[in-house]
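Chemist: Under this note's numbering, the first residue of the sequence shown is numbered 531, with each subsequent residue one higher.
All residues carry an ideal CB built from backbone N, CA and C; glycine is no exception.
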Amino acid sequence: MREVRVALHIPGGQPRKVFDSLSDFASFPRHSDVVHSVSLADGPDHDRISTWEVDFAGGILKWRERDRLDKPRLRIDFELIDGDLHALSGGWSIAQLPEGSTVRFGARFDLGVPGMADLLEPVAGRAMTDTVTKMLHGVFGPDAEVIECQDRSVAPLEDCGDQP
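#1: Work out the CA separation of residue 657 and residue 651 for me, nearest whole Å.
#2: Below 8 Å between beta carbons: does that hold for residue 611 and residue 579?
#3: Please report how far the alpha carbon of residue 584 lies from the alpha carbon of residue 663, in whole angstroms.
#4: Consult DSSP for residue 660 and reduce its assignment to one of helix, strand or coil.
#5: Given this structure, state the Cα-to-Cα distance separating residue 597 from residue 627, to the nearest angstrom.
#6: Please go through the segment 553 to 640 and give each complete alpha helix (DSSP H) segment of 4 or more residues, from N-terminal end onward.
#7: Residue 537 bridges to which residues according to DSSP?
#8: Give me the Cα-Cα distance between residue 590 and residue 567, rounded to the nearest whole angstrom.
#9: Provide the residue(s) that pair with residue 532 in DSSP beta bridges, ordered along the chain.
#10: Is the beta carbon of residue 587 sitting closer than 8 Å to the one on residue 618?
#11: Can you check which of these residues, 669, 560 and 633, is closest to residue 677 by C-alpha distance?
#12: Hey, how far is the Cα of residue 550 from the Cα of residue 533?
#13: Are there 16 or more other CB atoms within 10 angstroms of the CB of residue 649, so buried, or fewer, so exposed?
Structure (structure tokens):
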């Protein structure tokens, strides 16, 4: 399993406006060349279902996810329903700074190829951080500054030995 994190500073960005722009997934293809399409549908319990097609490591990655938007907390959580990945979950959050806002993305994913994970997941992790950064620059403009970009291997919880 792989974990990636990306954070961008949005100069002058008001948190609620940043949230509105970030949660408007359907507009991403107009703002970023790496996003081919995003379609939205209502999901259960006030959730939203989004279907994505994005550039990824020289190909196109397709998936559907359940999105839970929490505007008061400036947070969007997501979890894979189905698609090209074996597992994907994570979230977006926005924090106010004196000179703008910070958008943070964090996700864990599994390609579902156990014998090749050590070779493929580092490449996929770099591709994911690159794709997310390009999407955010597309949505928020070139002045958005990358302040964090991490990609690391993590053990799934069930692989961490005895659990309480």
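Modeler: According to the data block:
#1: Going by the C-alpha atoms only, they are around 9 Å apart.
#2: Pairing residue 611 with residue 579 gives a Cβ-Cβ distance under 8 Å.
#3: One C-alpha to the other measures close to 13 Å.
#4: DSSP, reduced to helix, strand and coil, places residue 660 within a helical segment of the structure shown.
#5: Approximately 25 Å, taken between the alpha carbons.
#6: The segment 553 to 640 contains these whole alpha helix (DSSP H) runs: 558 to 561.
#7: Under the DSSP definition of a beta bridge, residue 537 partners with 634 and 678.
#8: One C-alpha to the other measures close to 11 Å.
#9: Within the DSSP bridge table, the entry for residue 532 names 639 and 683 as partners.
#10: The Cβ-Cβ distance between residue 587 and residue 618 does not fall below 8 Å.
#11: Selected option, being the one with the closest Cα: 633.
#12: Computed Cα separation, rounded: 26 Å.
#13: Result: exposed.
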